[in-house]
Amino acid sequence: MSRLFMFEKPLGMRDTLPFLYEMKKRIRHAMTNEIEKWGYQFIETPTLEYYETVGTASAILDQQLFKLLDQQGHTLVLRPDMTAPIARLAASRLYENGNPLRLAYNANVFRAQQREGGRPAEFEQIGVECIGDGTIAADAEVISLMIAALEQTGLKRFTVAIGHIGYVNALFLDVLGNEERANVLRRFLYEKNYVGYREHVKALPLSSIDKQRLLKLLELRGDEATIAEAREQIDTKEGAKAVTELEQLFEHLRLYGVIERIKIDLNLISHMNYYTGILFEVYAENVGFPLGNGGRYDELLAKFERKAPATGFGIRVDRLIEALGDPEEKNDIHCIIFSQERFAEAVQLANERRRKGERVVLQHISGITDIDACTKQYSDVTYLIGSDRKDE
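This note's numbering numbers the first residue of the sequence shown as 32 and each following residue consecutively.
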């Protein structure tokens with residue numbers, strides 16, 4: 032084995048040490064428990080999927096897919112997201128009678144990194160998919176559930192930014208006339224390059240009124256009043272429909288009691304190109320990237336020959352951990368250090384404590400090299416040493 036690779040990991044891959052694993056486990060329990068309370072059922076899909084189906088249906092760029100060949104020569108991919116695999120599963124086996132499905136997942140996804148930039152190539156996601164319900168009530172449900180699940184983890188300061196891809200598409204098509212010109216502006220918005228957006232709009236051969244409409248889009252961020260402002264900027268049926276849906280969504284979210292978490296942001300553009308309507312991202316203080324995102328994707332299941340409306344969200348556990356910050360490291364493991372003549376007594380004591388729900392390490396003293404270093408790992412230590420039965 033080359034010493035160069037002996038301790039190295041592939042680009043973007045990370046180890047999870049005990050303390051981080053414990054934190055992930057607590058987050059996982061808090062979120063999945065809340066999701067189950069809302070009636071969502073957890074499922075699992077294979078780590079490997081066919082490139083021709085899930086790989087091409089996914090919104091992840093082709094160069095970010097981990098590809099390999101099976102023994103029959105088929106191209107496979109490590110799943111790059113969970114929405115496309117769940118769409119495959121729902122279309123093939125679960126979505127049969129047209130009634131809504133509420134599915135949830137907790138899984139690792141894989142996206143290849145082109146260079147080392149601190150971004151993981153494998154990360155854990157927790158999320159839901161509500162399939163078969165095209166109502167605004169379903170959009171409000173998944174957003175409210177996401178907020179409730181995040182609150183259960185202990186996250187205090189976070190905001191959900193909500194936009195509508197239909198509004199942006201309608202405005203761009205109305206003013207610019209074609210997709211090629213619209214895609215340039217979408218790229219500026221996706222990259223949050225608002226200076227570049229402004230400069231590009233000013234250089235376009237448009238009337239001053241149309242330029243102002245495009246520039247006004249950058250200001251459509253804020254509270255409920257933003258929705259009314261958005262209606263003034265749009266003249267098309269599709270744009271008006273998007274605004275009406277945002278108005279309805281806001282009212283539904285008011286009923287759920289989560290308005291204080293909500294911000295309207297009609298600049299919102301996602302890298303997930305399958306979104307067709309309402310979309311959203313969740314942000315927390317001191318984290319430069321969204322903790323998660325979601326939205327409506329009413330055309331994805333049609334790629335698996337079963338057309339159905341759908342909406343959902345996914346939360347990245349690694350970014351949620353960053354937002355929660357570093358809590359005090361708690362190691363509530365008790366250690367019983369024993370000598371050979373008190374082996375039976377030590378086993379009995381360990382079993383008693385474990386039955387009470389405690390975490391207990393049973394350690395033979397002959398296996399310890401440095402007693403001080405060993406005992407520092409544990410919250411409490413019991414010594415069963417020598418022939419007398421006195422604990423020190």
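Backbone N, C-alpha and C fix where the C-beta goes; we use that ideal spot for every residue, glycine too.
Quiz item: Per DSSP, what kind of secondary structure is G270 in: helix, strand or coil?
Solution: helix
Quiz item: To which residues does DSSP link K407 through a beta bridge?
Solution: K407 pairs with nothing; no bridge assigned.
Self-check item: Same chain only: Cβ atoms within 6 Å of S175, ignoring 5 sequence neighbours per side
Solution: Closer than 6 Å at the Cβ level, and outside the excluded window around S175, lie Y287, V289.
Self-check item: Secondary structure of G197, DSSP reduced to three states
Solution: Here G197 carries a helix assignment [DSSP, helix/strand/coil].
Quiz item: Okay, do the segment 185-196 and the segment 290-297 touch, 3+ Cβ pairs below 8 Å being the bar?
Solution: yes
Exercise. Within its chain, find whatever has a CB closer than 7 Å to the CB of F97; leave out the 5 residues flanking it on each side and keep chain order.
Key: V108, L109, F141, A143
Self-check item: Three-state secondary structure assigned by DSSP to R229
Solution: helix
Practice problem: With a threshold of 16 other CB atoms inside 10 Å of the CB of T87, please say whether the residue is buried or exposed. | Solution: exposed
Quiz item: Cα separation between G270 and L51?
Solution: 45 Å
Exercise. Would you check if there are 3 or more beta carbon pairs closer than 8 Å linking the segment 319-337 to the segment 216-235?
Key: no
Exercise. Quickly, what does DSSP pair E160 with across the bridge? List them, please.
Key: Partner(s): L134, G343.
Quiz item: In this structure, what does DSSP give as the bridge partners for I368?
Solution: Q394, Y414
Quiz item: Taking the alpha-carbon positions, what's the F189 to I258 distance?
Solution: 21 Å
Quiz item: When we look at the beta-carbon of A201 and count the other beta-carbons within 10 Å, is it buried (16 or more) or exposed?
Solution: buried
Quiz item: Does the beta-carbon of T184 have 16 or more other beta-carbons within 10 angstroms, so that it is buried, or is it exposed?
Solution: Buried, by the Cβ-count rule.
Quiz item: Residues bridged to Y81 by DSSP?
Solution: Paired residue(s): L107.
Quiz prompt | Residues sharing a beta bridge with R327, DSSP | solution = T342
Self-check item: Three-state secondary structure assigned by DSSP to F73
Solution: In the structure shown, F73 sits in a strand (DSSP, three-state: E or B).
Quiz prompt | Backbone CA spacing between I364 and H395 [nearest angstrom] | solution = 16 Å
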